[in-house]
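Residue numbers (my numbering): 1453 to 1743.
What follows is the structure in structure tokens.
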């Protein structure tokens, strides 16, 4: 049985905690590196990763087939995600610590999926791989041999999700708040490197995930700074429905993670995100900065 005194109470863990516990039987470290361009996370993992870590890929492991749902990264089916977790030896009491080299922007997707499927053990390494190496910790090029675990019975619905029809209604509700986690230039429609058209959901506010961090690819801002940021956006108003989206439902999870550290675990993910919205010509798009 795990020692409850050794468990991190929030969704983030730091390097000293992980260094002390990475070898524990009940801890599974997961390298979540993934990139939009030509780089492959699996290649970066092979060049060097936190010792004992396994690699999971956003496309292959943390999403369903693109043609099977809304947007570029639809949610995986419960049985498919259960097979992924079984392959890396995750049981009902396993603490799963994800990391990346993007300040947690990709690892947050794993954290959120575990919540969505009812597994309470998801955590993210604050500061990711850079924090690990900056602390003088070693990397490994060896892939660990891990015995598969029995497949878990996963139940979706442990975290709230909406589709484009619900977002279209909510954007017209003055009591609701929609946050766009993409970079400001994409929100404003200055550039769109991958999706069908530029711009943002009308009425959404710009909340780039990168502004949750002290520096690009770094650790989260301290709690007071995060609280100030999200209070100014209106995301901490009691009883207010808040929806987060990004390009395809991956980096929006970083805003969800930041809000969870502030006690708002009820924030909603728009699964298909802009990749879903932008391909529907019947839905409007706005450009320019926040009004």
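Glycine included, every Cβ here is placed at the ideal spot set by N, Cα and C.
Next on the checklist: For residue 1594 and residue 1468, I'd like the C-alpha separation in whole angstroms.
Outcome noted: 22 Å
Next on the checklist: For residue 1572 and residue 1535, I'd like the C-alpha separation in whole angstroms.
Outcome noted: 17 Å
Item to check | Cβ pair residue 1727, residue 1523 closer than 8 Å | outcome: yes
Checklist entry - What's the gap between the Cα of residue 1631 and the Cα of residue 1687? => result 9 Å
Checklist entry - By the 10 Å Cβ neighbour count, where 16 or more other Cβ atoms means buried, how is residue 1707 classified, buried or exposed? => result buried
Next on the checklist: Give me, in chain order, the residues of the same chain whose beta-carbon lies closer than 7 Å to that of residue 1541; leave out the 5 immediate sequence neighbours on both sides.
Outcome noted: 1480, 1598, 1599, 1600, 1601
Checklist entry - Distance, Cα to Cα, residue 1710 vs residue 1678? => result 7 Å
Checklist entry - Hey, how far is the Cα of residue 1627 from the Cα of residue 1655? => result 12 Å
Checklist entry - Contact between the stretch 1733-1742 and the stretch 1641-1661: three or more CB pairs below 8 Å? => result yes
Next on the checklist: Between the alpha carbons of residue 1702 and residue 1509, how many angstroms are there, rounded?
Outcome noted: 12 Å
Item to check | Uninterrupted alpha helix (DSSP H) stretches inside the stretch 1675-1721 (no shorter than 4 residues) | outcome: 1675-1685, 1704-1713
Checklist entry - Which one of 1714, 1613, 1478, 1569 has the shortest CA to CA distance from residue 1533? => result 1569
Item to check | Beta-bridge pairing of residue 1464 - partner residues as DSSP gives them | outcome: 1576
Item to check | Integer Cβ distance of residue 1563 from residue 1576, believed to fall under 8 Å | outcome: 5 Å
Checklist entry - Cβ of residue 1566 versus every heavy atom of the ligand ZN: is any distance shorter than 7 Å? => result Judged by which ligands are present, the structure shown has none, so any question about the ligand ZN falls away.
Item to check | Counted within 10 angstroms of its Cβ, other Cβ atoms place residue 1684 as buried (16 or more) or exposed | outcome: exposed
Next on the checklist: Please return the same chain residues whose Cβ sits closer than 8 Å to the Cβ of residue 1713, not counting the five positions on each side in sequence.
Outcome noted: 1462, 1463, 1464, 1672, 1675, 1678
Next on the checklist: According to DSSP, residue 1631 sits in a beta bridge with which residue or residues?
Outcome noted: 1657, 1696
Checklist entry - What are the start and end residues of the alpha helix (DSSP H) that includes residue 1493? => result 1493-1499
Checklist entry - Hey, would you say residue 1612 sits closer than 8 Å to residue 1506, going by beta carbons? => result no
Next on the checklist: Mapping the DSSP letters down to three states, classify residue 1549 as helix, strand or coil.
Outcome noted: strand
Item to check | C-alpha gap between residue 1695 and residue 1615, whole angstroms | outcome: 11 Å
Next on the checklist: Taking its Cβ as the centre, do 16 or more other Cβ atoms sit within 10 Å of residue 1592, making it buried, or is it exposed?
Outcome noted: exposed
Item to check | Member of 1492, 1729, 1609 whose CA lies at the smallest distance from the CA of residue 1719 | outcome: 1609
Checklist entry - For residue 1536, which residues does DSSP report across the bridge? => result DSSP, once it has assigned bridges, lists no residue as partnering residue 1536.
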